[in-house]
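Note that the sequence shown covers residues -2 to 409 in the working numbering.
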Amino acid sequence: MKQEMQVDLLKTMLKMIDDGTAPDAGRMVKNPTSSYVCKDLAAREWNTFFENHPQVLGLSGDLPESGSFMTSNDLGIPILATRDKAGKFHAFVNACRHRGAPVTEDERGKKNRFACPFHAWTYASDGKLLGIREPQMFGEFDKSCHGLIELPSAEKYGLLVVHPQVDGTLDVDSLLGELAPEIESWDLGSATYLGGSSIDMGLNWKIANDTFGENYHFHTLHKSKLNNLFHGDATAYDEYGRNHRLTVASRFVDAMRERPENEWNVTDAGVVVYYLFPNTQVVLFNRVVSLFRIYPNRNEVGRSLTRIANYSAQHIGLDVPGEQAQVLDSESLYTADTSKRMEFTLETQLELARSTIEEEDYYMGEKSQQAAESGKVEHFIFGRNEPALHHFHTNYRDALGLPPLEEYRAAG
Ligand code: FES
Ligand SMILES: [Fe+2]
């Protein structure tokens, strides 16, 4: 991100702190709770946004070297993503061409050759069928046209993107739109994979997504944890087509006031959250990139799966000469001296993401889901200070041809 943009965002957040303000959508809207429970809508969403829409699978660091691979079953089809001998990223249907067994069930690893566990046909990391066992018994066979079925895929700006349809089209630049140069500037491709986790809970994928879209809840829901580290209301918000960016100030932002602007760094003094339509959040903070991908449960509208992956990105952050960051572990996390720059141990980072989301955000999201399912609460209200929620819901409604969200007026 350009230095001027970092300074602009930090100034916006500092002004919000000084003025006691928050981002402002200019109006309140009503979101019908049926959008979290309707099976027909869920089927349309699945079809439009998941089955037939490009999907971020991970970052380049998920496939660090030739022979690296990972698998996914989150999009309704088994996917095998590889980096071949030449370093090229591929996404295949993870189904052997003999009788459809997955050629590996490992979540990730390194293999230059995949031997199908059923009858041991072997495939290369570029998908070619290398050999079939006992060909003299199996029958005459043209190996050259029975490689793994390849899906459209692209690796750009450090993102691994796949289209779940063999004949789908995929253009990372048009997915990112005006955000492309900014995403490129972070050099996400050099971030290295640290570890990940998954959360499978009873809340619709859009309620899960909503928890990333407002920081109005920091002072309350996160009062004993994140609120010690962040100024929740001080959130800069910008839209880029169907994507948006939220930047929330950490309490360390106050230290920026004492520094020359060329030493201002937004990922030292705040969290940058990119929402990429339809289901991905890329979060940058203190030398760590976290990727959140949220998937609907196809059998249960009120359930979703969140995949969390964390990556080390030492280049995201600023080394100020003579300044030592304090390294926080899970003990010191919530009593940190926020006048000093913070870095987290890996364990803390993973725990922070998992426990905050699972025990606080999604815990409450499950309650909202239950309220929606009760049928007694007709709509939820998105405040003026929750513009990202307006944006997300407006966008997917628009894409599905649903009427726009109605304005909420105090008179009723
Ligand atoms: S299904 Fe893979 S070798 Fe038979
Ligand atoms: Fe939260």
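In this text, a Cβ means the ideal position worked out from N, Cα and C, and glycines have one as well.
- Here the alpha carbon of T166 sits roughly 9 Å from the alpha carbon of N49.
- Beta-bridge analysis with DSSP links G106 to F66.
- If you look at M25, you'll find it in the beta strand (DSSP E) that goes M25 to P29.
- Residue side-chain check: H214 places its Cβ nearer than 7 Å to a non-hydrogen atom of ligand 2.
- At a threshold of 7 Å, L218 counts as near ligand 2, since its beta carbon sits closer than that to one of the ligand's heavy atoms.
- Annotated three-state conformation of M198 is strand, per DSSP.
- Residue environment for T101: buried (at least 16 other C-beta atoms within 10 angstroms of its C-beta).
- The alpha carbon of A246 has as its nearest neighbour, out of Q0, S194 and V4, the alpha carbon of V4.
- For H116, the Cβ falls inside the 7 Å cut-off from some heavy atom of ligand 1.
- Beta-bridge pairing by DSSP links F227 to S247.
- Using a Cβ distance threshold of 8 Å, H87 and A78 count as a contacting pair.
- Annotation: A322 to N283 spans about 10 Å, alpha carbon to alpha carbon.
- Counting only the Cα atoms, T342 lies some 11 Å from E328.
- About 17 Å separates the beta carbons of Y360 and K203, which is beyond the 8 Å limit, so they are not a contact pair.
- Of all C-beta pairs linking the stretch 29 to 45 to the stretch 358 to 377, three or more are shorter than 8 Å, placing the two stretches in contact.
- Straight-line spacing of the CA atoms in I180 and V53 works out to 13 Å.
- Non-local C-beta neighbours of L223 in its own chain, meaning closer than 7 Å and more than five positions away in sequence, comprise F215 and T353, ordered along the chain.
- Relative to ligand 2, the beta carbon of D123 is positioned no closer than 7 Å to any heavy atom.
- Within the stretch 282 to 313, the runs of beta strand (DSSP E) at least 3 residues long that lie entirely inside it are, in chain order, 285 to 294 and 297 to 309.
- Segment contact: the stretch 140 to 150 against the stretch 118 to 130, three or more CB-CB distances shorter than 8 Å; contact assigned.
- A buried status is given to G155, since no fewer than 16 other beta-carbon atoms sit within 10 Å of its beta-carbon.
- In the three-state DSSP reduction, L347 falls in the helix class (H, G or I).
- DSSP places A151 within a strand segment (E or B) once states are collapsed to three.
- Listed in chain order, the beta strand (DSSP E) runs fully inside the stretch 34 to 65 are 52 to 56, counting runs of at least 3 residues.
- One Cα belongs to M2, the other to V270, and the distance between them is close to 15 Å.
- The Cβ-Cβ distance between S63 and G84 falls below 8 Å.
- As the crow flies, the alpha-carbon of R254 is around 45 Å from that of L397.
- The stretch 128 to 176 is shown to contain whole beta strand (DSSP E) runs of 3 or more residues at 150 to 153 and 156 to 159, in chain order.
- Apart from sequence neighbours up to five positions away, the residues of its chain that approach L6 with a beta-carbon distance below 6 Å are A233, T244 and V263, ordered along the chain.
- Just so you know, the alpha carbons of L218 and G229 end up roughly 11 Å apart.
- For ligand 1, no non-hydrogen atom lies closer than 7 Å to the CB of A333.
- Counting only unbroken stretches of 3 or more residues, the beta strand (DSSP E) elements lying wholly within the stretch 333 to 403 are 339 to 341 and 376 to 379, in sequence order.
- By DSSP's assignment, A112 forms a beta bridge with T119.
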